[in-house]
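Numbering (this note's numbering), first residue to last: 154 to 836.
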């Protein structure tokens, strides 16, 4: 039986040296190599006449060699080779750099095909560094050529050769991974043909058929896995909270009015809590939309019905902020709230754990520290995980296991378009808070090039003089010469020692120890730091009402959804707030992205656009938002396929929830496409 888990170094032509480069891009096994799919294709099947060549395009010409190759040595280690070729419409010069081995490769009067980039300056045609074949050969031309995502020290030729050798090893002997009735009903390619055609297609029709097959399977596997997760709780009785405990008792006493969206979500949560089915709900809400108060009101109902609540936040500083808000609202009702962190003193921790076990604590707020084995609840009935993409499904399951089928509310400020969220989070019901509280001022957003840097600095100085504070966010911790971005450390030094010498400027980044990060964030919150220079660790952060300026350096290297998250760090107080996006480059896409940020503050519109402009790979990042990492599917491009696949998954689940029927057990046990449930559980 073919071993798809064997080390990639045993594929012909790879060996121990190249294996390190492949490992650096996540290719460890034969399976990884076969599923390293092309990002694009070059069509080298169509030839053009020389007269029709357009400046800047990549094209194939069929032409006759009209001269021998001439060599000019410009300087040491730099030689230029030139060949004159022609067809019935014109003449072109072919140029190569430092490829002396080509000197005797061409014969005058013979025909060749060349593929390369065209330069057409003042009517003179030049093709630079082309690949070529003799007419009749198809090594480099006359076919569709895959283009792969690359890294430093890895050429297209190397990865193509490796994948071709891997396919030769497999030799069309992959075991089919979809049941035959699905392949027949939906007219899908077989796995072996799909794998061959996705890498080395005979034509674009065959390529599209192959892609459809592989996308279908990837999305179906994910959907079935999500449904399995959801079905684990179906049929189990949850807590049925009393209808006599009214959320309105708290709502009516709040010093502010809830929005219609918040009230609608609370109604959905209330209905869940009063039903026998355990609640499993995702609450999406833009930064500052008021998700926390919703969870506080739900925790009130749980406490008054005799159950404890666990509130899990991703950072100590955010957990500390939550405990303040929970205490402020709930303690007047006699509800006892406590905070448990990794750094909680031993004696205090023991006291908290004892009280928790005895039922003297109603609401426990904390970080991953709540997952520790000795944290025992007397009667856990309600679980909240804040910023879901920072916690995996396993962690969610661990905290749930501390109660008996407690209700679960998963909160996130990461806006995912609703259609997509309904499909992707198949294991959760979905609520959305899609409006901001009426007192929130719109954050003014400006996208500027670095030419306006002095004006931006003067604007920051003016606001600091008025007593405000500012965030400066950078994309990197270390220098990256290739992208020409200054590191967060160097930018901090510049702000501290040159531009804002009269103010306190401090640095915050993910490589610092948690205690150090928490201390700096607390000092910023307390107003002791004027400018906080940071990486995206502040994306999920605390309320600092006095901070009214967010500057993002090299903003072209952030996703729109991420820029929107960062922008949400300001605008939390009474002061008019500003987000200044400094960017380089003048490409149409860069300008369009900046325009979107200036035109709207709606996170869901921004998420749609981000998905459209960048595709899901970059939009979600590598599992950053708790979603499986797709190898070929693109959730924007493949939304119709996603809808079809969901209907297929629902049909399979309704007929065969445990996938026990013979027709669904046809697949190889050694599954070719990785079990998506593993990916999802690792989220």
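The beta-carbon is built from N, C-alpha and C at its ideal position, and this holds for glycine as well. Quick caveat, the model's predicted, so the values are computed rather than measured.
In the DSSP secondary-structure assignment, residue 232 is bridged to 226.
Comparing alpha carbon positions, the residue from 509, 195, 518, 495 closest to residue 357 is 195. In the structure shown, residue 645 adopts helical secondary structure according to DSSP, grouped into three states. With respect to the C-alpha of residue 425, the residue from 564, 478, 560, 185 having the closest C-alpha is 560. In the DSSP assignment, the residues bridged to residue 195 are 298. Contact between the segment 260 to 279 and the segment 202 to 211 is established, with three or more Cβ pairs separated by less than 8 Å. Inter-residue distance for residue 680 and residue 409 is about 26 Å (C-alpha atoms, whole angstroms). Residues 759 of the same chain have their beta carbon placed closer than 7 Å to that of residue 753, with the five preceding and five following residues left out of the count.
Uninterrupted alpha helix (DSSP H) stretches at least 4 residues long and entirely within the segment 321 to 400 occur at 333 to 338, 344 to 352, 357 to 384, given in chain order.
DSSP places residue 603 in the helix class (H, G or I) of the three-state scheme.
DSSP, reduced to helix, strand and coil, places residue 735 within a strand of the structure shown.
In the assembly as shown, residue 739 is an exposed residue. Its beta-carbon has fewer than 16 other beta-carbons within 10 Å. The continuous alpha helix (DSSP H) containing residue 750 extends over residues 741 to 752. Assigned with DSSP and collapsed to three states, residue 250 falls in strand.
Within the same chain, 808 come within 8 Å of residue 814 by CB-CB distance, once the 5 residues on both sides are set aside. Separation of residue 217 and residue 256 (C-alpha to C-alpha, rounded to the nearest whole angstrom) is 16 Å. Residue 445: member of the alpha helix (DSSP H) spanning 444 to 457, first to last residue.
Collapsing the DSSP output to three states places residue 311 in a helix. When secondary structure is reduced to three states using DSSP, residue 177 falls in the helix class. When only Cα atoms are considered, residue 471 and residue 449 end up about 15 Å apart. It is roughly 8 Å from the alpha-carbon of residue 348 to the alpha-carbon of residue 187. Between the alpha carbons of residue 705 and residue 678 lies a distance of about 19 Å. Remark: C-beta atoms of residue 708 and residue 734 approach each other more closely than 8 Å. For residue 270, the secondary structure class from DSSP, reduced to helix, strand or coil, is strand. Judged by DSSP in its simplified three-state form, residue 703 adopts strand. In the three-state scheme derived from DSSP, where H, G and I count as helix and E and B as strand, residue 550 is classed as helix. Here residue 425 carries a helix assignment [DSSP, helix/strand/coil]. Secondary structure at residue 594: coil, using DSSP grouped into helix, strand and coil. Excluding the 5 residues flanking it on each side, residue 303 has no same chain C-beta neighbour closer than 6 Å.
Shown here, residue 243 sits in a strand according to DSSP, grouped into three states. The Cβ-Cβ distance between residue 742 and residue 622 does not fall below 8 Å. In the three-state reduction of the DSSP assignment, residue 466 falls in the coil class.
Around residue 553, the same chain offers 536, 559, 561 as residues with beta carbons nearer than 8 Å, after the five sequence neighbours per side are excluded. Taking residue 729 as reference, the option from 749, 748, 703, 747 with the minimal CA-CA separation is 703. For residue 657, no alpha helix (DSSP H) run applies, since DSSP gives it neither H nor E. DSSP links residue 285 through a beta bridge to 267.
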